[in-house]
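Residue numbers (our numbering), protein chains in the order written: chain U, 1 to 435; chain S, 436 to 654.
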């Protein structure tokens, strides 16, 4: 791994020892590999109207046109037109658009990884409905194969391959669970052979938010559920999904699902993590190879279910709050009402941000941006948009349902010396549950 | 063979053949690619795929209010020249006669004076779109040759049509021949460039509609 700078001064990281041509070809080929109908329709349809720029936090935050979402795909337009598009033979025959070189890919590394959180807001702004965010995921696959990924993300990738999680070795998982139980006075279940519910985690719970491990256990114990954590398949955040490492994405997905099936679970509960929801709820079936014989739900959906069914009752907090919608949960996952129903059950009056629900601004740290420290200055620009909207809503509390969003917003608050605490919906429910 | 006979005859026939074959080639080329199977269970209450596609196709006719603030010019000007072009193409009596000769269908025309006015507004709107493309830092960066060619080949039939209708610059027959030839070039370019969005928008929006509504997400 080596950190370098392009001729125009853009920082990039490089992995492996491939030559420049091999690197470029690997990127192009990986991008078009298994190119599907919807992606092709979207590659064909751009009007170059620039509406996507108005939706991107990194463009709006900086005013720099290079952050226009569709521009982030520029090197990959060539790959599509030369190898997949209906006129590919003409492109190759006349040498149209053959100007991509490895320097361009190096330059674009930061646009694809530092300046895109895969939040998908651009998709909603596009008059043609082009799912730019999904195309950027495909482009990241090309970059991964070319060995042009931010080192911090590549490190997480290698760690996940070695440990089964980017946060902790699988061997230590049981100890972390036991410690969280002891620290919070909650009986924990770990590695039970059979259970109805399997609880999964994301790196945030295993590092900064370990109380969340006990919070969900407290709720499951209260409703008398049969549940367990499992050292064999606990990691749900799926760094392969973020990095474009599709082989790892498949491996992580299958490990988690196969394990839950072996335990006989009817429900797999995903942690408070947006990307886990995207990877498991909507994409797992693709890697599993068909319909998955168990229910996969986000923590927020589970909380909504137990609150709505009356299985738990909550103390009334009686304050005002704004809710930060995690992009993968709300915009790309359709879970908008569930967290609001839970907040209302907590006796909280919701003061909505100017842009909320499907149209909410990203925290700025999704898609691996928060882990990629090189992107910190850009991330702070995105945070300023969020901070301004929160201040406009004038609520007493600020709640979210994604550990990575929470970390990103907390880091932003710290940077700007903003004294607002970002709270977890799960934590609020667990703390205010009438035992 | 004089210019008008050439334009009305072989030129138009060749252009239409390129248009039809090219459009079919591009659409089949894209739509014949394999699709990922989505075996994830749909959100409770998710509409069937056809309805989800329709919701997106029509729902995307207007941007979300939050994007409209920054995209006001693009949106309104886009509507002006699209509607203007539609009126000029489909509501001008000579065009209706031509379309009747092709498809056997006809409908009432708008007065020529009104079409002329709409054509002038359309030309102005297209010029405004070009100026915006040339001056907006975002559009300058993301524009390709395709965008400028497509703009030029859309603009030409409008101005040559206006010239023919007002008999300015040359004999009417010559102006009409030039107008028809400009349409021939437009038709021949259509399948290869961004003008194809006239067909692609249905599939592009529809595909995202199906993906998002399956998840219970807003489009």
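The beta carbon of each residue, even a glycine, is placed where N, CA and C say it ideally should be.
Here the structure is a predicted model, which is why all the values come from computation and not from measurement.
Selection of the stretch 325 to 337 of chain U by Cβ proximity to chain S, strictly under 9 angstroms: Result list: 330, 331, 332, 333, 334, 335, 336.
Output yes if chain B places a C-beta closer than 8 angstroms to the C-beta of residue 182 (chain U); else output no. This model lacks chain B altogether; the protein chains it does include are U and S.
Could you check which residue in U:384, U:345, U:374, U:352 has the C-alpha nearest to that of residue 363 (chain U)? That would be U:384, whose Cα lies nearest to the Cα of residue 363 (chain U).
In whole angstroms, give me the CA-to-CA distance for residue 111 (chain U) and residue 142 (chain U). Rounded to the nearest angstrom, the gap between the Cα atoms of residue 111 (chain U) and residue 142 (chain U) is 14 angstroms.
With 8 angstroms as the threshold, decide whether the Cβ of residue 42 (chain U) is near any Cβ in chain S. Output row for residue 42 (chain U): interface = yes.
Determine, using beta carbons only, whether residue 519 (chain S) comes closer than 8 angstroms to chain U. No, no contact with chain U.
Selection of the stretch 501 to 515 of chain S by Cβ proximity to chain U, strictly under 7 angstroms: Result list: 501, 502, 505, 506, 509.
Please tell me whether residue 643 (chain S) and residue 593 (chain S) are closer than 8 angstroms, where the distance is taken between their beta carbons. Taking 8 angstroms as the Cβ cut-off, residue 643 (chain S) and residue 593 (chain S) do not qualify as a contacting pair.
Could you check if residue 498 (chain S) is buried or exposed, using at least 16 other CB atoms within 10 Å of its CB as the buried criterion? Its Cβ being crowded by 16 or more others within 10 Å, residue 498 (chain S) is buried.
Where residue 472 (chain S) falls, given that 16 or more other Cβ within 10 Å makes a residue buried: Taking every protein chain shown into account, the CB of residue 472 (chain S) has fewer than 16 other CB atoms within 10 angstroms, so this residue is exposed.
Cutoff 6 angstroms; reference residue 427 (chain U); Cβ partners in own chain excluding five residues on either side: Within the same chain, residue 427 (chain U) has close Cβ partners 215.
Using a cut-off of 9 angstroms between C-beta atoms, extract the partners of residue 286 (chain U) located in chain S. Near residue 286 (chain U) (Cβ distances below 9 angstroms), the residues of chain S are 471, 472, 473, 474, 475.
Can you name the start and end residues of the beta strand (DSSP E) that residue 199 (chain U) belongs to? 197 to 199 is the span of the beta strand (DSSP E), which, as asked, contains residue 199 (chain U).
Quick check on the DSSP output: what are the complete alpha helix (DSSP H) runs of length 4 or more inside the stretch 236 to 265 of chain U, in order along the chain? As far as the stretch 236 to 265 of chain U is concerned, its whole alpha helix (DSSP H) runs of at least 4 residues are 239 to 243, 246 to 263.
Anything in chain S within Cβ reach of residue 282 (chain U), meaning under 7 angstroms, just list it in chain order. Within 7 angstroms Cβ-Cβ: 475, 650.
Relative to the C-alpha of residue 409 (chain U), which residue among U:374, U:365, U:394 is closest? Residue 409 (chain U) has its Cα closest to that of U:365, out of U:374, U:365, U:394.
Once the 5 residues before and after residue 386 (chain U) are set aside, which same chain residues still bring their CB inside 6 angstroms of it? Once the five neighbours on either side are set aside, the close Cβ partners of residue 386 (chain U) are 361.
How many angstroms separate the CA atom of residue 166 (chain U) from the CA atom of residue 565 (chain S)? One C-alpha to the other measures close to 49 angstroms.
Going by DSSP, which residues form a beta bridge with residue 270 (chain U)? Answer is U:298, bridged to residue 270 (chain U).
Could you name the residues of chain U that residue 464 (chain S) contacts, counting a contact when the two beta carbons are closer than 8 angstroms? Residues of chain U passing the Cβ test: 85, 86, 87.
Of the residues U:334, U:185, U:342, which one's Cα is nearest the Cα of residue 211 (chain U)? Comparing alpha-carbon positions, the option among U:334, U:185, U:342 lying closest to residue 211 (chain U) turns out to be U:185.
Return the chain-ordered ranges of every alpha helix (DSSP H) run that is complete within the stretch 148 to 178 of chain U and spans a minimum of 4 residues. Secondary structure remark: continuous alpha helix (DSSP H) runs of at least 4 residues inside the stretch 148 to 178 of chain U, in chain order: 151 to 163.
Simplified DSSP state of residue 540 (chain S), which is helix, strand or coil: Note: residue 540 (chain S) maps to coil in three-state DSSP.
Rounded Cβ spacing between residue 10 (chain U) and residue 107 (chain U) (contact assumed at less than 8 angstroms): Yes, they are in contact, since the Cβ atoms of residue 10 (chain U) and residue 107 (chain U) sit about 5 angstroms apart, within 8 angstroms.
If you pair each beta-carbon of the stretch 580 to 600 of chain S with each one of the stretch 419 to 426 of chain U, do three or more pairs fall below 8 angstroms? The stretch 580 to 600 of chain S vs the stretch 419 to 426 of chain U: no contact.
Buried versus exposed, by CB contacts within 10 Å (16 or more), residue 504 (chain S): Burial call: exposed.
Using CA coordinates, which residue listed in U:132, U:327, U:117 is at the minimum distance from residue 371 (chain U)? Cα-wise, what sits closest to residue 371 (chain U) is U:117.
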